[in-house]
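Here the structure is laid out as structure tokens; the discussion comes afterwards.
Residue numbers (our numbering): 1 to 149.
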């Protein structure tokens, strides 16, 4: 069973984040994902970038894939605080709200945070934005709850 083991060096955090994301299975639909996709990382916070084109299939935005990726980044922001990926954690009550659609040529930046509610239980949240006309435009936000059994 994983235990909390908060690392602070960037290399360890990136390794843990990538293990979480690969375990979440998002690399198949988002082949650009790599440690270089991580813009900023700290315990309980990750900012990552993705080409918006990876969320399009046949010219149509796949919001389900966008949700899955954003929630996976949020989960990774929590799992970087653990000494191993937690396959037995209970992750539920997801709420994803969409405001705008990214354009295929844009870059989606996802900032995710984990906020500890009580020991072994966290609220996970994310915001996905694109730069449009010189300003950040929110395309989606979401939150969920996770706890270790």
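Cβ atoms here follow ideal geometry from the backbone N, Cα and C, with glycine treated the same way.
Exercise. In chain order, what residues of the same chain have a beta carbon less than 8 Å from the beta carbon of residue 107, not counting five sequence neighbours either side?
Worked result: 49, 50, 51, 52, 130, 131
Exercise. How should residue 60 be labelled, buried or exposed, when 16 other C-beta atoms within 10 angstroms of its C-beta is the threshold for buried?
Worked result: exposed
Exercise. Alpha carbon to alpha carbon, how far is residue 90 from residue 145?
Worked result: 8 Å
Exercise. My guess is that residue 73 and residue 143 are in contact by the Cβ rule of under 8 Å, so how many angstroms apart are they, rounded?
Worked result: The beta carbons of residue 73 and residue 143 sit about 13 Å from each other, so the pair does not count as a contact at 8 Å.
Exercise. Quick one: is residue 69 buried, meaning 16 or more other Cβ sit within 10 Å of its Cβ, or exposed?
Worked result: Residue burial annotation: residue 69 is buried, with at least 16 other C-beta atoms found within 10 angstroms of its C-beta.
For this session: Give the range of the beta strand (DSSP E) segment to which residue 117 is assigned.
Result: Residue 117 -> beta strand (DSSP E) spans 107-118.
Exercise. Quick one: complete beta strand (DSSP E) runs, 3+ long, within the region 5-76?
Worked result: 38-42, 45-51
Exercise. Based on Cα-Cα distance, which residue from 12, 114, 34 lies nearest to residue 22?
Worked result: 34
Exercise. Below 7 Å between beta carbons: does that hold for residue 133 and residue 78?
Worked result: no
For this session: Would you kindly work out how many angstroms separate the C-alpha atoms of residue 40 and residue 76, rounded to a whole number?
Result: 13 Å
Problem set entry | Among 92, 44, 38, 62, the one whose alpha carbon lies nearest that of residue 150 | Lying before the first or after the last residue shown, residue 150 is absent from the chain, which here runs from 1 to 149.
Exercise. Would you call residue 71 buried or exposed, if buried means 16 or more other Cβ atoms sit within 10 Å of its Cβ?
Worked result: buried
Exercise. Could you give the distance in angstroms between the alpha-carbon of residue 16 and the alpha-carbon of residue 103?
Worked result: 30 Å
Problem set entry | residue 137, enclosing beta strand (DSSP E) - first and last residue | For residue 137, the enclosing beta strand (DSSP E) has its first and last residue at 135-147.
Problem set entry | Through-space distance from residue 136 to residue 88, alpha-carbon basis | 36 Å
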